[in-house]
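Scroll down for the structure; my scribbles are underneath it.
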DNA sequence: TTCATATAGATGCAATTGCATCAATAAGGA
DNA sequence: TCCTTATTGATGCAATTGCATCTATATGAA
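Residue numbers (our numbering), protein chains in the order written: chain A, 2 to 152; chain B, 2 to 152.
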């Protein structure tokens, strides 16, 4: 049987984790808004598509990468396409699906978001923890991933 | 002038932080739903009100504690009240405001949520990191708080 | 007192999200 | 081939959230 009662240390670490990450994300979203830029989720998708290169990605491949539900990806892509940041291509060997590719203005938008996003990360992470501490933090967090081997 | 370009270590730690906390919270929300229980936000409010005791809290005092916007608190309290989990009392020396107090069924609901929530924390934190590592994690996260002294 | 400003909380409306389901194609067994 | 089931992606509808604004009371200066 599984342990059902968390230790005080686990509770404290959990509370910090949830609270701090929410604060960090929220402040970053605020910074983006203040600069008239779209939400972080847009960056995530543009980033994945930029990494994927010319071949693009199928929408279902984005689901795990950006941690969105299927319908979330579907609608986010619709908005990105409406803004001309991505383009959808039919895929030859599967009549159901499509391939999504980032456009030139998509890359441009990604750069503009990163200018703000990257500054937030530098300001809130580099300015507060040493490179060594950042590595330790990433390593500890890595052990909390679920399932333990993914991400 | 402020540094605007984050280190690779900062980017890696940030990515892990955001991703892991989202996964953890999402899976906890799923567990609550699977047990027919309300979202985590309800627990947060019930927890704060339980800690506050008989005196209760003013709605505006909940804003920073549960990291919700003013209208978010207003509407969440309305739902909690509709479910009989909290009660609103007029406050004598300020005709604008009210005091919110947890009810008996509110305390009961808090217990029922904790049975699931606490198990999630134990399973995802205690089972993966030692008490010492949990302390280290909490300490590193503490340095990311903003402003550095609050929380 | 009187008026300007600040604070507490609620709410109309638009945008977003979640849930359930749908349509269309694919895959695989009888 | 035919039929059942699985997969891909979209969408109608309800619930939630964000934004802007509103009402009501409080506070403080003139």
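Ideal Cβ positions, reconstructed from N, Cα and C, are used throughout, including at glycine.
In the displayed model, residue 38 of chain B falls within coil according to three-state DSSP, outside both helix and strand. With at least 16 other beta carbons inside 10 angstroms of its own, residue 39 of chain A counts as buried. Across the structure, residue 49 of chain A and residue 94 of chain B are spaced so that their CA atoms are roughly 55 Å apart. Between residue 127 of chain A and chain B, the shortest Cβ-Cβ separation is below 8 Å.
Between residue 23 of chain A and residue 68 of chain B, the C-beta spacing is below 8 Å.
Look at residue 90 of chain B here: in three-state DSSP terms it is strand. Residue pairing from DSSP places residue 103 of chain A in a beta bridge opposite A/87.
Judged by DSSP in its simplified three-state form, residue 130 of chain A adopts coil rather than helix or strand. An exposed status is given to residue 85 of chain B, since fewer than 16 other beta-carbon atoms sit within 10 Å of its beta-carbon. In this chain, the alpha helix (DSSP H) harbouring residue 60 of chain A covers 60-67. Residue 87 of chain A and residue 107 of chain A do touch by the CB rule: their CB atoms are close to 5 Å apart, below 8 Å.
Within the same chain, Cβ atoms closer than 8 Å to the Cβ of residue 7 of chain B are found at 15, the five residues on either side in sequence being excluded.
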